[in-house]
Amino acid sequence: MRKEDLMRIVEERIRECQMCPLGLIKKNAVPGEGNLYSPIMFVGEGPGEEEDIQGRPFVGKAGQLLTKILESVSIKRESVYITNIVKCRPPNNRVPTNLEIQSCSDYLLSQIQIINPRMIVPLGSTAVNFFLGKDEQITKVRGKESIWRDSIVIFPMFHPSYLLRNPSKEKGSPKDLTWQDIKRVRKYYDEFIKGNAEK
Ligand code: URA
Ligand code: URA
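Number 0 in numbering that gives the first Met the number 0 belongs to position 1 of the sequence shown; there are no gaps in the numbering.
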């Protein structure tokens, strides 16, 4: 089956899901969106209010900042794939519980399998803990590569909501570090695209 058809099936399952209580109280599930052929996936925590209304990931304030961060290195958000650890909004944007994360994890794993990216960029603690384990701290691991399941590069970055709360651009500030990180992501992106063209 084509990636498009496989992803449509996963999206349908997500929209109908009632594996955890978030599925009952959502307005819209937010499966994710973007280029199924992208070598890079960005994974946030979970939908916020605006995402719940629109059914699309990262379209509220934090999402607009993520879009700007990508555009700062000339990556269009449509050219990568963007999703979240949980696909339905936790009430008042609280951190999703372990149970919610576990209930939702098959969807993310299916999406990763379909897209088969070279690199995953977890945004913020919840996504970092999903890929790297509970003991890892975002402030320690951001901007550092590791390998997940023997094949996919994990390159964590700060969550854009954290940057909204910490707007300083001073050297060493979260925003400054994110600027360095996204430039690295751009380099990887170019290498992945070049590598594919040569194959
Ligand atoms: N924050 C997230 O983690 N994900 C979104 O989609 C929006 C805000
Ligand atoms: N804490 C978080 O939850 N996310 C960040 O990106 C940084 C600190």
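Even glycine gets a Cβ: it sits at the ideal position worked out from N, Cα and C. All of these numbers come straight from a predicted model, not from anything done at the bench.
As assigned by DSSP and simplified to three states, the class of residue i
i: Leu35; result: coil
i: Val72; result: coil
i: Phe41; result: strand
i: Leu90; result: Note that residue 90 is Pro in the sequence shown, not Leu. If DSSP states are grouped into helix, strand and coil, Pro90 belongs with the helices.
i: Thr82; result: strand
i: Ser124; result: helix
i: Asn195; result: helix
i: Thr96; result: coil
i: Lys170; result: coil
i: Trp110; result: The sequence given here places Gln at residue 110; Trp does not occur at that position. Three-state DSSP puts Gln110 in a helix.
i: Ala28; result: coil
i: Cys19; result: coil
Rounded separation between residue i and residue j - CA only
i: Lys26; j: Glu197; result: 44 Å
i: Gln101; j: Gly59; result: 25 Å
i: Lys180; j: Gly142; result: Rather than Lys, the amino acid found at residue 180 in this sequence is Asp. About 5 Å.
i: Gly123; j: Gly43; result: 7 Å
i: Lys186; j: Arg7; result: 31 Å
i: Gln63; j: Phe57; result: 7 Å
i: Val184; j: Tyr36; result: 16 Å
i: Ala28; j: Val9; result: 12 Å
i: Met118; j: Pro20; result: 31 Å
Selection from the options that minimises the alpha carbon distance to residue i
i: Ser104; options: Glu49, Asn91, Ile151 and Cys87; result: Cys87
i: Asp51; options: Ser78, Asn92, Cys19 and Phe41; result: Asn92
i: Met156; options: Gly54, Leu98, Glu3 and Asp175; result: Asp175
i: Ile74; options: Lys193, Ile24, Gly194 and Asp189; result: Asp189
i: Glu49; options: Leu23, Ile84, Pro89 and Ile39; result: Pro89
i: Asn195; options: Ile39, Asn128 and Arg14; result: Ile39
i: Ile153; options: Pro159, Arg164 and Ser145; result: Ser145
i: Leu23; options: Lys133, Asn83 and Arg14; result: Arg14
i: Trp147; options: Trp178, Glu77 and Gln112; result: Gln112
Assigned exposure category for residue i - 16 Cβ within 10 Å defines buried
i: Thr125; result: buried
i: Ser150; result: exposed
i: Thr138; result: exposed
Residue(s) in a DSSP beta bridge with residue i
i: Trp147; result: Ile151
i: Met156; result: Leu122
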